[in-house]
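Let me begin by presenting the structure, written as structure tokens, before commenting on it.
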Amino acid sequence: MAVFCRLLANRKKPCIWVPLPPDRVTPLAASLPVTIPQLGWSCITMESIDDLGKLGELLRTSHEHVRSALRGKAAEPSDGGGTAV
């Protein structure tokens with residue numbers, strides 16, 4: 011299973027995590043703040059869940075990133091190791 015976003019909607023300021031570096035996220039974040047909560051993830055904090063509509067291109071980019079990573083992983087020979095996508 012692959013995750014292309016983590017939506018934390020039940021907060022005073024909802025946020026969404028995506029498995030992309032901040033330099034790819036910031037231009038797509040609609041001027042919302044971007045942080046790095048964990049290695050390999052960027053977090054966009056929204057004023058309200060209504061801001062989610064501004065992040066469509068970011069979500070498409072994240073989804074395509076994960077799909078590409080999975081295709082690349084499937085093309086590589088299996089050695090029993092690897093990292094989660």
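When we follow my numbering, the leftmost residue of the sequence shown carries the number 11, and every step to the right adds one.
Ideal Cβ positions, reconstructed from N, Cα and C, are used throughout, including at glycine.
Would the beta-carbon of residue i fall within 8 Å of that of residue j?
{"i": "serine 52", "j": "proline 24", "result": "no"}
{"i": "alanine 19", "j": "isoleucine 59", "result": "yes"}
{"i": "isoleucine 26", "j": "leucine 38", "result": "no"}
{"i": "alanine 79", "j": "lysine 64", "result": "no"}
{"i": "threonine 71", "j": "arginine 21", "result": "no"}
Thinking C-alpha only, which one of the options is nearest residue i?
{"i": "leucine 30", "options": "Phe14, Leu42 and Pro43", "result": "Phe14"}
{"i": "glycine 66", "options": "Val28, Lys22, Arg21 and Ala12", "result": "Val28"}
{"i": "leucine 68", "options": "Leu42, Gly82, Arg81 and Pro47", "result": "Leu42"}
If we count the other Cβ atoms within 10 Å of its Cβ and call it buried at 16 or more, is residue i buried or exposed?
{"i": "leucine 49", "result": "exposed"}
{"i": "glutamate 74", "result": "exposed"}
List the DSSP bridge partners of residue i.
{"i": "arginine 16", "result": "Trp27"}
{"i": "serine 52", "result": "Val28"}
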